[in-house]
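First up is the structure itself, then whatever we jot down about it.
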Amino acid sequence: GNGNSKIDSSSSSSSSDPDAEESRIARFKDRVHLRRFLRRRRKGTTNGRGFHSHTKLGSVEDFAGIAILTLIRARMNFKDKWLACVSFGEQTFRTGISDHTKEPAWNSEKKLLLEKDGPHIARISVFETNRISRNNLVGYCEIDLLEFLSQDSDSDTEELELLDPSPPNAVVGKISLSCSVEDPIETEKRFAKRILSIVDYNEDGELSFPEFSDLIDAFGNQVAASKKEELFKAADKNGDGVVTLDELAALLAAQQEKEPLMNCCPVCGEALEVSDKLNNMIHLTLCFDEGTGNQVMTGGFLTDKQAAYGWMFKLSEWAHFSSYDVGLNSGSSASHIVVYDRQKKRLVEEIIDGKIVLSMRAIYQSKVGLTLMDKGVKELLHSISEKQGKRMDSVESAKDIPHFIESFKDQINMNEVKHPLEYFKTFNEFFIRELKPGVRPIAHVECDDVAVCAADCRLMAFKSIDDSLRLWIKGRKFSVQGLLGQDISARAFMDGSLVIFRLAPQDYHRFHFPVSGFIEQIVDIPGCLYTVNPIAVNSKYCNVFTENKRSVSIISSSDFGKVAFVAIGATMVGSITFRKGKGDYVKKGEEFGYFSFGG
Amino acid sequence: STVICVFEKDSIQIDEDLLANSSRSLETLVRVGTKLGLSTRKVSQTDLPDVRRCALD
Numbered sequence: 001g002n003g004n005s006k007i008d009s010s011s012s013s014s015s016s017d018p019d020a021e022e023s024r025i026a027r028f029k030d031r032v033h034l035r036r037f038l039r040r041r042r043k044g045t046t047n048g049r050g051f052h053s054h055t056k057l058g059s060v061e062d063f064a065g066i067a068i069l070t071l072i073r074a075r076m077n078f079k080d081k082w083l084a085c086v087s088f089g090e091q092t093f094r095t096g097i098s099d100h101t102k103e104p105a106w107n108s109e110k111k112l113l114l115e116k117d118g119p120h121i122a123r124i125s126v127f128e129t130n131r132i133s134r135n136n137l138v139g140y141c142e143i144d145l146l147e148f149l150s151q152d153s154d155s156d157t158e159e160l161e162l163l164d165p166s167p168p169n170a171v172v173g174k175i176s177l178s179c180s181v182e183d184p185i186e187t188e189k190r191f192a193k194r195i196l197s198i199v200d201y202n203e204d205g206e207l208s209f210p211e212f213s214d215l216i217d218a219f220g221n222q223v224a225a226s227k228k229e230e231l232f233k234a235a236d237k238n239g240d241g242v243v244t245l246d247e248l249a250a251l252l253a254a255q256q257e258k259e260p261l262m263n264c265c266p267v268c269g270e271a272l273e274v275s276d277k278l279n280n281m282i283h284l285t286l287c288f289d290e291g292t293g294n295q296v297m298t299g300g301f302l303t304d305k306q307a308a309y310g311w312m313f314k315l316s317e318w319a320h321f322s323s324y325d326v327g328l329n330s331g332s333s334a335s336h337i338v339v340y341d342r343q344k345k346r347l348v349e350e351i352i353d354g355k356i357v358l359s360m361r362a363i364y365q366s367k368v369g370l371t372l373m374d375k376g377v378k379e380l381l382h383s384i385s386e387k388q389g390k391r392m393d394s395v396e397s398a399k400d401i402p403h404f405i406e407s408f409k410d411q412i413n414m415n416e417v418k419h420p421l422e423y424f425k426t427f428n429e430f431f432i433r434e435l436k437p438g439v440r441p442i443a444h445v446e447c448d449d450v451a452v453c454a455a456d457c458r459l460m461a462f463k464s465i466d467d468s469l470r471l472w473i474k475g476r477k478f479s480v481q482g483l484l485g486q487d488i489s490a491r492a493f494m495d496g497s498l499v500i501f502r503l504a505p506q507d508y509h510r511f512h513f514p515v516s517g518f519i520e521q522i523v524d525i526p527g528c529l530y531t532v533n534p535i536a537v538n539s540k541y542c543n544v545f546t547e548n549k550r551s552v553s554i555i556s557s558s559d560f561g562k563v564a565f566v567a568i569g570a571t572m573v574g575s576i577t578f579r580k581g582k583g584d585y586v587k588k589g590e591e592f593g594y595f596s597f598g599g
Numbered sequence: 001s002t003v004i005c006v007f008e009k010d011s012i013q014i015d016e017d018l019l020a021n022s023s024r025s026l027e028t029l030v031r032v033g034t035k036l037g038l039s040t041r042k043v044s045q046t047d048l049p050d051v052r053r054c055a056l057d
């Protein structure tokens with residue numbers, strides 16, 4: 001969410017305010033050309049509701065908003081592969097890499113927040129990149145977006161000179177870019193569509209009334225049931241009980257204009273001022289964009305100098321390079337999770353099954369601010385997971401197994417699986433498949449002073465809790481005591497080392513003991529079933545590790561002292577089963593239990 | 001699903017490659033049973049000089 005992104009649109013009437021008069025914003029407002037905006041509207045190039053999808057700033061009231069900056073192309077003095085960066089405020093975004101050419105074309109766009117007293121000058125840097133030289137900054141320019149947007153020009157596109165960063169700053173090329181302000185109605189419509197898609201479980205683009213109703217209830221909306229029905233019926237023109245997302249989104253957007261349906265941001269939970277539509281829309285849109293990584297340019301760098309390092313570019317091509325405090329923006333590229341394969345010593349892209357992606361999206365888009373939301377959402381998640389659990393326990397679900405294996409053909413090695421495919425009568429049985437003895441050798445099996453990995457997984461390890469908070473777990477409410485729950489004292493683990501074993505859907509879903517010792521206790525903690533995707537973990541609004549359903553075991557080991565072993569359930573996969581219990585002596589590498597589909 | 005293990009302070013020396021990747025916010029793909037780290041007790045033992053190679057001057 002963008003809880004800090006408050007924008008004061010009321011400042012438009014500040015001509016009598018001495019502070020504002022002195023400000024650049026106030027000077028800008030004097031230059032705003034409303035006539036041009038009106039002229040363009042009169043020309044009829046509208047979207048049918050009297051607004052352009054993208055417009056220039058047209059009135060003094062519009063000066064705060066979302067600017068869409070598009071880097072179109074450049075004309076350089078020599079051939080090379082090119083990429084461009086936009087630095088704005090504290091962040092830098094980049095385009096993809098062009099072909100080997102003198103005239104690279106990117107057509108990359110980025111939404112930037114223009115707010116009162118906020119940044120409004122974007123620096124654009126163009127780098128050459130090839131195998132011989134690392135990314136070299138060749139040229140740069142700066143653009144004042146507020147000035148650009150207020151220009152009285154018929155063209156949204158402008159060509160700027162790129163200057164050599166070294167004196168005497170010769171012109172080394174030109175870059176074409178455009179900038180416009182996103183139309184509030186269009187933003188709202190897109191936003192409504194995104195929200196509605198959360199309950200479009202099968203992604204067929206249609207919604208039933210119960211689904212729509214559930215969603216509104218889950219978001220804590222106080223609109224009367226009759227209003228929901230009224231809205232839904234208006235969209236359902238043929239009365240067949242389902243409407244398309246597009247239709248309903250358009251209707252909701254229009255309704256939102258008249259009488260807001262949402263009283264709080266469903267992403268971060270922040271209360272929305274009824275009278276401040278512009279702020280609300282910007283807030284909502286940016287919250288969602290933060291969540292979905294739905295923009296063309298990639299982000300995550302703090303400065304363009306930082307972005308000039310080749311390895312960072314490589315990493316950010318797929319991976320979410322999480323900078324301090326910028327984690328979610330970059331970590332939110334939900335479909336691009338990259339991990340380092342320890343065995344193969346290379347980066348690999350994680351493939352996620354479509355169904356899981358869908359559930360991730362469903363959870364994630366609504367989940368980021370769930371702590372502040374109506375408990376209906378939590379129940380909804382449980383309900384989804386329980387339903388999925390029942391389905392995955394049914395005989396019919398077995399037919400999904402071949403497709404699942406095909407989807408992850410590079411990551412599921414059936415030669416390692418103990419039983420043949422015919423053995424699995426349900427999807428859940430396959431999900432918790434056992435492996436053949438010996439296919440997961442235990443490192444230094446006789447040496448109890450060597451700890452081993454507890455699962456086939458994506459692992460994050462931190463020497464201290466502080467490191468884990470600084471680098472990975474961004475949830476504001478995270479604490480060791482919160483993780484372990486009230487029945488277990490966290491004193492022994494204060495400032496200890498923390499290791500996170502994240503299982504992806506395709507992984508072998510049984511977990512093993514990392515150390516040898518006695519199981520002192522196992523405590524079940526009820527909770528939510530939020531996703532444990534890095535996207536959620538990286539979000540300051542999510543506290544998945546301390547709010548999710550989990551079981552905490554304490555293993556007493558002679559070589560490592562006490563080790564807290566926390567098995568955390570997640571969306572869909574919310575069932576935790578143990579095969580060992582309190583008082584058992586366990587050997588490292590031995591199976592402890594498994595996760596399966598269910599609530 | 002996720003498993004989190006919390007070790008007592010200074011009880012484990014986690015393998016350096018895992019720490020290095022994590023410090024870059026990069027997850028590491030690992031398998032069950034592969035090495036995670038050493039007990040610090042073990043580390044302190046290996047830090048001791050090999051007495052068989054020691055000689056009195």
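So the protein sequences, as listed, match chains A and B.
Quick note on numbering: the first sequence equals residues 1 to 599 in the numbering used here.
Quick note on numbering: the second sequence equals residues 1 to 57 in the numbering used here.
Note that beta-carbon positions come from the ideal geometry of N, C-alpha and C, so glycine has one too.
Quick check: is any heavy atom of the ligand ADP less than 7 Å from the C-beta of residue i?
i              : result
H382 (chain A) : In the structure on display, the ligand ADP does not appear, and there are no ligands present to speak of.
What does the alpha-carbon distance come out to for the pair residue i and residue j?
i              : j              : result
K436 (chain A) : Q481 (chain A) : 38 Å
E520 (chain A) : D584 (chain A) : 8 Å
K463 (chain A) : R510 (chain A) : 25 Å
S397 (chain A) : K390 (chain A) : 9 Å
Q411 (chain A) : D507 (chain A) : 8 Å
L71 (chain A)  : R123 (chain A) : 12 Å
K9 (chain B)   : S497 (chain A) : 6 Å
I401 (chain A) : C457 (chain A) : 20 Å
S22 (chain B)  : A235 (chain A) : 49 Å
F232 (chain A) : F209 (chain A) : 7 Å
V86 (chain A)  : I121 (chain A) : 10 Å
V171 (chain A) : S98 (chain A)  : 21 Å
L114 (chain A) : N136 (chain A) : 29 Å
H444 (chain A) : M414 (chain A) : 26 Å
F478 (chain A) : K549 (chain A) : 15 Å
S153 (chain A) : L145 (chain A) : 14 Å
Is the Cβ-Cβ distance between residue i and residue j less than 8 Å?
i              : j              : result
W82 (chain A)  : E128 (chain A) : yes
G562 (chain A) : S516 (chain A) : The sequence as given places Lys at residue 562 (chain A); Gly does not occur at that position. Going by C-beta atoms, K562 (chain A) is not nearer than 8 Å to S516 (chain A).
I522 (chain A) : F578 (chain A) : yes
R41 (chain B)  : D559 (chain A) : yes
G37 (chain B)  : D15 (chain B)  : yes
T531 (chain A) : G475 (chain A) : no
I66 (chain A)  : C179 (chain A) : no
L459 (chain A) : E27 (chain B)  : yes
F78 (chain A)  : K102 (chain A) : yes
T34 (chain B)  : C453 (chain A) : yes
T4 (chain B)   : I568 (chain A) : Going by the sequence as given, residue 4 (chain B) is Ile instead of Thr. Yes, these two residues count as a Cβ contact at 8 Å.
L177 (chain A) : L160 (chain A) : yes
Check the Cβ of residue i against every Cβ in chain B and list those closer than 8 Å, keeping chain order.
i              : result
Y340 (chain A) : N21, L26, E27, T28 and L29
D466 (chain A) : Per Cβ cutoff of 8 Å: no residues; D466 (chain A) is ~11 Å from chain B at best.
Going along chain B in order, which residues have a C-beta closer than 9 Å to the C-beta of residue i?
i              : result
R458 (chain A) : E27, T28, L29 and V30
L498 (chain A) : I4, C5, V6 and F7
G589 (chain A) : V32 and G33
Let's test the definition: count the other Cβ atoms within 10 Å of the Cβ of residue i and tell me whether it reaches 16, buried, or not, exposed.
i              : result
D449 (chain A) : buried
R94 (chain A)  : buried
Q343 (chain A) : exposed
H100 (chain A) : exposed
H512 (chain A) : buried
V242 (chain A) : buried
A84 (chain A)  : buried
Residue i versus chain B: which residues are under 7 Å apart at the beta carbon?
i              : result
R391 (chain A) : Result: empty, since nearest Cβ-Cβ is about 18 Å, beyond 7 Å.
C453 (chain A) : V30, R31, V32, G33, T34 and L36
F462 (chain A) : S22
P514 (chain A) : C5 and L36
F493 (chain A) : V6 and E8
K562 (chain A) : E8
Near residue i, which residues of its chain fall below 7 Å by C-beta distance, leaving aside the five closest residues on each side in sequence?
i              : result
G598 (chain A) : S385, E386, G389, G574 and S575
S213 (chain A) : K228
Kindly list the residues whose CB is nearer than 6 Å to the CB of residue i, restricted to its own chain and excluding five residues on each side of it in sequence; keep chain order.
i              : result
A492 (chain A) : K562
E434 (chain A) : K418
If I measure Cβ to Cβ from residue i and keep anything under 8 Å in the same chain, skipping five residues before and after, which residues do I get?
i              : result
L163 (chain A) : G139, Y140, C141, N169, A170, V171 and V172
S11 (chain B)  : S39 and T40
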